[in-house]
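Worksheet: one structure, shown below.
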Amino acid sequence: MSGLRFRLSARVRKLLLSLFAVVMVVYFAFAAFIWRTMHQPPEAFGRVMANMPRPVVFLFFPFETLWTRARAGALDVGDPAPDFSLLKVDKSGSVQLSVLNKQQLIVLVFGSTVIA
C-alpha cells in the first residue's frame, strides 16, 4: 500500500486553490461585517444579530473575543462618565446625565440582581 499515491491534475489543483481563495475572502468579509456591526449602537447590533443564523457566528468566528474588544471602551477608573440620556420609567420624558450632574451629585451603579 505504500506505493499508492493520489495525484491531482493541475486543473483540479487550480480549481481547489481558487475555491479556497473565494472562501477566505467571504470569511474575512463576513468577519469585517460582524466587527463593524459590533461597533454600532446596541439597537443596530441587535437588529443584525436577530437575523443572524446562530451557529454560523458562534462556530466560525471568535465572537466573544471580538465582542470584548469592540465594547472595551476607553475609560479608566476616575474618568468622568460620558454624557447619555435615558427614557424615564413612566416614559414621560428623558433624563440626561449632564443636566442631572449640574443639579446634584450622581452615582452610577451598573449591575443586576437576581431575586429567587
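Taking this note's numbering, the leading residue of the sequence shown gets 20, the next gets one more, and so forth.
We put the beta carbon where it would ideally sit given N, CA and C, even for glycine.
May I ask you to list the residues that DSSP assigns as paired with residue 115? 104
Could you check where the alpha helix (DSSP H) with residue 64 kicks off and where it finishes? 61-69
Which word fits residue 53, buried or exposed, when buried means at least 16 other C-beta atoms lie within 10 angstroms of its C-beta? buried
May I ask you to report which of helix, strand or coil DSSP gives residue 53? helix
Helix or strand or just coil, what does DSSP make of residue 81? coil
Proximal residues to residue 107 (C-beta, below 8 Å), its chain only, five neighbours per side dropped: 113, 114
For residue 99 and residue 34, the rounded distance between their alpha carbons: 57 Å
Comparing alpha-carbon positions, which option in 121, 51, 60 lies nearest residue 82? 51
Where does residue 110 fall in DSSP's three states? coil
Could you check the C-alpha separation between residue 84 and residue 38 for me, to the nearest Å? 28 Å
For residue 59, decide whether its Cβ has a neighbour in chain B, counting only Cβ atoms nearer than 8 Å. Judged by its chain identifiers, the structure shown contains no chain B, having just a single protein chain.
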